[in-house]
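In this note's numbering, the protein residues as written are 10 to 136.
Every residue gets a Cβ at the ideal spot worked out from N, C-alpha and C, and that includes glycine.
Everything below concerns the one structure shown next.
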């Protein structure tokens with residue numbers, strides 16, 4: 010992770026080592042940069058990755074508000090190496106009802122209460 014020409018975070022794939030399916034290199038770099046910079050927003054940061062980010066990493070990249078991602082290998086390259094990235098990208102492009110994993114909404118209107126309470130909170134920190 011780079012901001013204004015300086016490395017502000019690093020990461021490597023630690024999924025197997027940590028037994029954590031979210032420990033992709035991109036997520037690790039985001040966590041490291043956030044800890045070093047003391048913020049959850051990485052607005053002016055660029056990420057350099059060995060491969061095109063998977064949908065999970067892309068979600069983290071969007072939430073962190075990164076500016077640019079530079080990558081080498083593609084999702085097709087990752088699939089050829091035995092990773093599920095291309096399949097996940099394809100599934101995420103489907104409507105929720107058509108995805109491999111079912112998404113089931115519970116509680117109806119009652120499910121909005123936490124978000125309504127959040128909006129009413131005068132000291133909330135927008136993100």
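Burial is judged here by how many other beta carbons sit within 10 angstroms of a residue's own beta carbon; residue 70 has at least 16 and is buried.
Within the same chain, and ignoring the five residues on either side of residue 30 in sequence, the residues whose Cβ sits closer than 8 Å to its Cβ are 24. CA-CA distance, residue 104 to residue 10, rounds to 32 Å. Burial state of residue 61 is buried, judged by a 10 Å Cβ sphere holding 16 or more other Cβ atoms. Of the residues 76, 58, 16, 92, the one whose Cα lies closest to the Cα of residue 36 is 58. Counting the other Cβ atoms within 10 Å of the Cβ of residue 15 gives fewer than 16, which makes it exposed. The beta carbons of residue 63 and residue 51 sit no closer together than 8 Å. Annotation: residue 97 to residue 78 spans about 19 Å, alpha carbon to alpha carbon. Rounded to the nearest whole angstrom, the CA to CA distance from residue 94 to residue 54 is 24 Å. Between residue 38 and residue 56, the gap from beta carbon to beta carbon is short of 8 Å.
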